[in-house]
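Below is one structure; the comments refer to it alone.
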Amino acid sequence: MQRGVFGYLTKPFDGKALVTQVEKALQVSGSRVAANDGSADTAWREEIITRSPDMEAILAKARLVAASDASVMIFGESGTGKELLARAIHRASARAAQPFVAVNCGAIPEQLLESELFGHVRGAFTGANVNKKGLVEAAERGTIFLDEIGEMNAAMQVKLLRVLQERRFRRLGGTDEVAADIRVVAATNQDLPKLVGEG
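Residue numbers for the sequence shown, in our numbering: -5 to 193.
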């Protein structure tokens, strides 16, 4: 049992009992059975190991949304694998061969976040001696994952809104708009609708 045996039957066993036991095993394993022709593709989700039917349902939704280019918001408690799910969505998408850039919005100081995301032009601030590309540009044609998006301050949210709506941004200190061909996946452990309601 400790090595993964689901159950056992004693001889002589009833055929119905065997079928019932197999059905239960398939339900527990999330019904991940490869097709007879071997065409079932599971490489996109290989980092996620589960036997939960609920998790399999989430992965089925992730596979569906990956086929589109829609932005995705992932809600979940800390440590539940939000970034793993974001990576799985990226790998199942048409952008899989392009970069996946993860940004922890809560770990970057507010005053640096704009420069990190959008880059800056030479002279934008003290110490900006050269033009620098931001993480949005680094994710070009790929996916940018904005983790802990709920930690981002309101002023930065306004700047990010243009990226979400128009897929365009300006580097810090710059005047030219830059087009961004990216897919945005964001995640948070906070109750964003509640925070919006509180202003």
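Virtual Cβ for every residue (Gly too), placed ideally from N, Cα, C.
{"query": "Beta-bridge partners of R177, as assigned by DSSP", "result": "T137"}
{"query": "Inter-stretch contact (C-beta, 8 Å, three-pair minimum) for the segment 116 to 133 and the segment 155 to 170", "result": "yes"}
{"query": "Alpha carbon of F119 to alpha carbon of L107, nearest angstrom", "result": "14 Å"}
{"query": "N- and C-terminal bounds of the alpha helix (DSSP H) containing D88", "result": "Per the sequence presented here, residue 88 reads as Ala, with Asp not at that position. A88 -> no alpha helix (DSSP H), and no H or E assigned at all."}
{"query": "Residue range of the beta strand (DSSP E) that includes I102", "result": "No beta strand (DSSP E) holds I102; DSSP gives it neither H nor E."}
{"query": "Own chain, CB closer than 7 Å to R39, minus 5 neighbours either side, in chain order", "result": "L53, A82"}
{"query": "Contact between the segment 54 to 63 and the segment 98 to 112 (3+ Cβ pairs under 8 Å)", "result": "no"}
{"query": "C-alpha distance - P187 paired with A90, whole-angstrom precision", "result": "31 Å"}
{"query": "A80 vs A181 beta-carbon contact at 8 Å", "result": "yes"}
{"query": "DSSP beta-bridge partners of T182", "result": "F69"}
{"query": "C-beta atoms of E134 and C99 nearer than 8 Å", "result": "no"}
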